[in-house]
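Read through the structure below, which is laid out as structure tokens, and then see the notes.
Residue numbers (this note's numbering): 8 to 81.
This is the structure:
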């Protein structure tokens, strides 16, 4: 059984997707070379990018909650 978590905030998803894409491009590939093709079919690549963006958004949300909890504890 698989569980899929959906992000209801489109801007959070788009920000996370942008961060994921920036992180991918910052891993040593310069703008004059073509990005390496992933060994996945196109639909799987899209799904992977969405999952990466969702992970980034969830991590950011967790970080925000931790900061909020630590501020409340003071």
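Backbone N, C-alpha and C define an ideal beta-carbon position, used for all residues, glycine too.
Remember, predicted model here, so these are calculated numbers, not experimental data.
Residue i, DSSP secondary structure in three states
i, result
"residue 52", "helix"
"residue 72", "helix"
"residue 58", "helix"
"residue 81", "coil"
Within-8 angstroms CB hit, residue i to chain D
i, result
"residue 53", "Judged by its chain identifiers, the structure shown contains no chain D, having just a single protein chain."
Contact set for residue i: own chain, Cβ-Cβ below 7 angstroms, skip 5 residues either direction
i, result
"residue 78", "none"
Same chain, Cβ closer than 6 angstroms to residue i, neighbours up to 5 away in sequence not counted
i, result
"residue 81", "none"
"residue 67", "none"
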